[in-house]
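Chains as they are written, first to last, in UniProt numbering: chain A, 1 to 398; chain B, 1 to 398.
Quick notes on the structure that follows.
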């Protein structure tokens, strides 16, 4: 059989993380590569109790549900969103299979082949893959530690007439950045004027180390959902657990409705057992106290890794201490190719993601992303020693 | 904000079932419309126990999983498939968010705009929606109670050079048909020769009323997965419960791998909590005994509805008694438009799906689909009375 695959496979780059996992198969590897939360803090007992409550609801709990998602969970999430100054109704929300599906659904309803999408530099690689598979033209906007540079954003909007700007303004993946309030407002204003849609991806916003700092979402700055040019998405993957695969998107009800139509034909609806479990969890478990707990542990792990990075004393090494989220973005000396260092690192028993994979264009090859949330103290120390060893061997062979 | 949606929205017809649900909102309606299993038989206690076993596995159960799906469940399903003479390895299987996602993923990796897909006449409407949204050209092959008519299939393959043939050979939706063995073999042979891929959709195969009958799947007739031109998909939605949203597809490992790549960017993976729960359910619960139970009840309900149809005495009424599955396909007198009858039926408090929605082309307006699995005896009797009343009023007004 000669399979005649779609041409959309051509635009489809293989995931670097996936290739790395192949390299690590069967080996004992300390991984700073994935974006995994720490398993030891998963609230498994509360999850078990919440599921029991679902079962107690009776057999109807196992029937088909709405494409839009379990309504009590949407109502509950509306209340949580309101606490963050995002005011929406359940009709302005769609529950999805993780926030990854939001990126995919929006691309399906909004992007045609050849349409332009602007992204940060660097940005989330699995968003790039979705955009590429649809045949979009992706340009990156020059960015610094405060977010996209407004002059470059305005220039690229004028030049390319993009349909969409994709951003992770709070504790970005991979750079761990927080956009300044000024840049958030600037993004909103410039895009509103040019009628460009913004997808604000916020999986990490709750993992904030400075309890006093306030980082208002772009969606909240826009005011209301109706007619808004901002769609906001988040997920339970980092705050409760990834296995539920439950995310949500809020925005104008017309856009939400179009996404729901595509979702209906994509999978009818996401697991309503999981949605019901999360509803009961929100009702009976102090999720905010739980988030405070993981913030504390993640900050401790971040500080440990930062300290170990400081100890490395590689000339030309640069990074910013993250204010939240799950990643440290590291710039290596200019002559180092992180992809090559990676191969040596895997030999030594440690993994990370080479930064080049996070660029829409002109990759910076001397960068890498380190995850600090998944690995405990002992293994973080050990892993960083292995990384130092890998660099030593790499430099000897260079 | 002037939203600039993708042109793929143009090809997107609204779901008739969805429109019907709108008509019925807030009303007490007896529905023969949906494809819903009967809630009263959901094995909720076994599900609760299976979930407890997942929780007992420890916190790792809540971490990210593989895109391909929870491996022990794939292994377990391989054993179930082998019992039906379908021999595959876990690498030749992908777990999905219901079998609906299989249709979507295959369309994404295999179909380009303008490609031709052949379908049965009539066929599953949500498959038609997926194909239409991708911009495929869909032609229906003349079909009778034994399946597609081979001469027409061969002629249309020669004429249109299709990439894909989509079929539901066992207890089809909506027609409730079972393909003869001869036609199954014919389909396989003709498509193999012309290098046309077959998607065999089998959500209802387990709901078989005659325990002695044997309906080998087209996939099993093809022999092995490697290099095969048959992909086979099924789901737990009709045998355990829909809320899990867990389906699977088996086929050549290269095709499966491409579908997994698209799935990764579509939603990373489906709920692994649900997949783990189903694994423990298969290990500790007699699913086959459960299926025997629901077969018995569904057959009883089918016979009740067939008896009530016989009592209607509408001139020109035609149907075939189903050998399994969830639907009776009814041909009304030629001058009746089921869509108009439907509006009257909703007034009377009963719903069905007008058959015209299940045709890729040249719809037969005098047809309707009745579901017999979801409604109990009392309401089935009452609903059929309401349907008779609706017809009476309809004929008076005609």
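The beta-carbon is built from N, C-alpha and C at its ideal position, and this holds for glycine as well.
In this text the structure is predicted, and so the values were computed from the model without any measurement.
If you check the beta carbons only, do residue 248 of chain B and residue 94 of chain B fall under 8 Å apart?
Here the question's residue 248 of chain B lines up with position 248 in the second chain. Here the question's residue 94 of chain B lines up with position 94 in the second chain. Yes, the pair counts as a contact, with Cβ atoms nearer than the cut-off.
Pick out whichever of B/168, B/265, B/173 and B/282 has its Cα sitting closest to the Cα of residue 230 of chain B.
Against the second chain, residue 230 of chain B aligns to sequence position 230. Answer by Cα proximity: B/168.
Leaving out five residues on either side along the sequence, give the residues of the same chain with a beta carbon under 7 Å from the beta carbon of residue 364 of chain A.
Reading the first chain from its first residue, position 364 is the one you call residue 364 of chain A. Cβ neighbours of residue 364 of chain A beyond the five flanking positions: 355 and 356.
Cβ shell of residue 36 of chain A (< 8 Å), same chain only, five flanking positions each side left out
As a position in the first chain, residue 36 of chain A is number 36, starting the count at 1. Once the five neighbours on either side are set aside, the close Cβ partners of residue 36 of chain A are 242, 371, 373 and 374.
Is there a C-beta anywhere in chain A that falls below 8 Å from the one on residue 234 of chain B?
Taking the second chain and counting its residues from 1, one reaches residue 234 of chain B at position 234. Not closer than 8 Å to any Cβ of chain A, the Cβ of residue 234 of chain B fails to qualify, so no.
Using a threshold of 8 Å, state whether the C-beta atoms of residue 134 of chain B and residue 107 of chain B are closer than that.
As a first step, residue 134 of chain B is located in the second chain; it is residue number 134 there, counting from the start. As a first step, residue 107 of chain B is located in the second chain; it is residue number 107 there, counting from the start. Yes, the Cβ-Cβ distance between residue 134 of chain B and residue 107 of chain B is below 8 Å.
In the DSSP output, what is residue 327 of chain B paired with across the bridge?
Walking along the second chain from the start, residue 327 of chain B turns up at place 327. Paired residues: B/371.
Apply the 10 Å Cβ neighbour rule to residue 211 of chain A and answer buried if 16 or more other Cβ atoms are within range, or exposed otherwise.
Here residue 211 of chain A refers to the residue found at position 211 of the first chain. The residue in question, residue 211 of chain A, is exposed, as its Cβ has fewer than 16 Cβ neighbours within 10 Å.
Throw me the rounded Cβ distance for the residue 166 of chain A and residue 116 of chain A pair, which I believe falls under 8 Å.
For the purposes of this step, residue 166 of chain A is taken as the residue at position 166 of the first chain. For the purposes of this step, residue 116 of chain A is taken as the residue at position 116 of the first chain. At roughly 11 Å, the Cβ-Cβ gap does not stay under 8 Å, so residue 166 of chain A and residue 116 of chain A are not in contact.
Checking 8 Å against the spacing of the C-beta atoms, do residue 126 of chain B and residue 265 of chain A come in under that value?
Locating residue 126 of chain B in the second chain gives position 126, counting from the first residue. Locating residue 265 of chain A in the first chain gives position 265, counting from the first residue. Yes, the pair counts as a contact, with Cβ atoms nearer than the cut-off.
For a quick check, are the C-beta atoms of residue 299 of chain A and residue 145 of chain A less than 8 Å apart?
Counted from its first residue, the first chain places residue 299 of chain A at position 299. Counted from its first residue, the first chain places residue 145 of chain A at position 145. Their beta carbons are not under 8 Å apart, which means residue 299 of chain A does not touch residue 145 of chain A by this criterion.
Under a Cβ-count criterion, where at least 16 other Cβ atoms within 10 Å of its own Cβ denotes burial, should residue 2 of chain B be classed as buried or exposed?
Mapped onto the second chain, residue 2 of chain B falls at position 2. With fewer than 16 Cβ atoms within 10 Å of its Cβ, residue 2 of chain B is classed as exposed.
Is the beta carbon of residue 170 of chain B less than 8 Å from the beta carbon of residue 205 of chain B?
As a first step, residue 170 of chain B must be located in the second chain, where it is residue number 170. As a first step, residue 205 of chain B must be located in the second chain, where it is residue number 205. Cβ atoms of residue 170 of chain B and residue 205 of chain B: closer than 8 Å.
Would you list the one or two residues that DSSP bridges to residue 224 of chain B?
The residue labelled residue 224 of chain B in the question sits at position 224 within the second chain. Paired residue(s): B/87.
Going by DSSP, name the residue or residues bridged to residue 354 of chain A.
Numbered from its first residue, the first chain carries residue 354 of chain A at position 354. Looking at the DSSP assignment, residue 354 of chain A forms a beta bridge with A/368.
Buried or exposed, going by whether 16 or more other CB atoms sit within 10 Å of the CB of residue 284 of chain B?
One-based indexing of the second chain puts residue 284 of chain B at position 284. Classification of residue 284 of chain B: exposed, given that the 10 Å Cβ count is below 16.
Less than 8 Å between the beta carbons of residue 70 of chain B and residue 276 of chain B, yes or no?
For the purposes of this step, residue 70 of chain B is taken as residue 70 along the second chain, with counting starting at 1. For the purposes of this step, residue 276 of chain B is taken as residue 276 along the second chain, with counting starting at 1. In contact: residue 70 of chain B and residue 276 of chain B (Cβ atoms closer than 8 Å).
Tell me which residues share the same chain as residue 361 of chain B and place their Cβ nearer than 8 Å to its Cβ, disregarding the 5 neighbours each side in the sequence.
On the second chain, position 361 is the one that residue 361 of chain B refers to. 138, 139 and 140, listed in sequence order.
Whole beta strand (DSSP E) runs in the stretch 119-144 of chain B with 3 or more residues, listed along the chain?
137-140
Chain A partners of residue 168 of chain B, CB-CB under 9 Å?
Here residue 168 of chain B is taken as the residue at index 168 of the second chain, counted from 1. What residue 168 of chain B touches in chain A: nothing, since even the nearest Cβ is about 16 Å away.
Quick check: the stretch 251-259 of chain B against the stretch 213-233 of chain B, are at least 3 beta-carbon pairs closer than 8 Å?
yes
When you compare only the Cα positions, how much space is there between residue 84 of chain A and residue 216 of chain A?
Indexing the first chain from 1 puts residue 84 of chain A at position 84. Indexing the first chain from 1 puts residue 216 of chain A at position 216. Near 8 Å, if we compare the C-alpha coordinates of residue 216 of chain A and residue 84 of chain A.
Go ahead and label residue 322 of chain B buried or exposed: buried means 16 or more other beta carbons lie within 10 angstroms of its beta carbon, across all protein chains shown.
By 1-based counting over the second chain, the position of residue 322 of chain B is 322. Its Cβ being crowded by 16 or more others within 10 Å, residue 322 of chain B is buried.
Indicate whether the contact test is met: 3 or more Cβ pairs, each with one atom in the stretch 339-348 of chain A and one in the stretch 176-186 of chain A, closer than 8 Å.
no
Option nearest residue 198 of chain A by Cα separation, candidates A/156, A/306, A/154 and A/118
Position 198 of the first chain, counting from 1, holds the residue named residue 198 of chain A. Answer by Cα proximity: A/118.
Could you confirm whether any beta carbon from chain B is found closer than 8 Å to the beta carbon of residue 149 of chain A?
Within the first chain, residue 149 of chain A is the residue found at index 149, counting from 1. So, not an interface residue.
Note down, in chain order, all residues in the stretch 47-77 of chain A with a beta-carbon under 8 Å from any beta-carbon belonging to chain B.
47, 48, 51, 52, 55, 58, 59, 60, 61, 62, 63, 64 and 65
Count the other CB atoms, across all protein chains shown, that sit within 10 Å of the CB of residue 202 of chain B; report buried if there are 16 or more and exposed otherwise.
As a first step, residue 202 of chain B must be located in the second chain, where it is residue number 202. Label assigned to residue 202 of chain B: buried.
Can you give the beta carbon distance from residue 221 of chain A to residue 261 of chain A, rounded, assuming they're within the 8 Å contact cut?
Taking the first residue of the first chain as 1, we reach residue 221 of chain A at position 221. Taking the first residue of the first chain as 1, we reach residue 261 of chain A at position 261. Residue 221 of chain A to residue 261 of chain A, Cβ: 29 Å. No contact.
Short CB-CB distance (under 8 Å) between residue 383 of chain B and chain A
Start at 1 with the first residue of the second chain, and residue 383 of chain B comes out as number 383. No, residue 383 of chain B does not count as interfacial toward chain A.
Of the residues A/99, A/103, A/313 and A/297, which one's Cα is nearest the Cα of residue 40 of chain A?
As a position in the first chain, residue 40 of chain A is number 40, starting the count at 1. Checking every option, the nearest Cα to that of residue 40 of chain A belongs to A/297.
What does DSSP give as the partner residues of residue 195 of chain A in its beta bridges?
Locating residue 195 of chain A in the first chain gives position 195, where the first residue counts as 1. Its beta-bridge partners do not exist; DSSP assigns none.
State buried or exposed for residue 367 of chain B, treating a residue as buried only when at least 16 other CB atoms are found within 10 Å of its CB.
As a working mapping, residue 367 of chain B is identified with position 367 in the second chain. Residue 367 of chain B should be labelled buried.
What does the alpha-carbon distance come out to for the pair residue 54 of chain B and residue 62 of chain B?
Within the second chain, residue 54 of chain B is the residue found at index 54, counting from 1. Within the second chain, residue 62 of chain B is the residue found at index 62, counting from 1. Looking at the two C-alpha atoms, the distance is approximately 9 Å.
Using a Cβ-Cβ distance under 8 Å, would residue 287 of chain A count as near chain B?
Position 287 of the first chain holds residue 287 of chain A. Taking Cβ atoms only, chain B never reaches closer than 8 Å to residue 287 of chain A, which makes this a no.
Minimum C-alpha distance to residue 291 of chain B - residue among B/124, B/239 and B/193
Indexing the second chain from 1 puts residue 291 of chain B at position 291. Of the listed residues, the one whose Cα sits closest to residue 291 of chain B is B/239.
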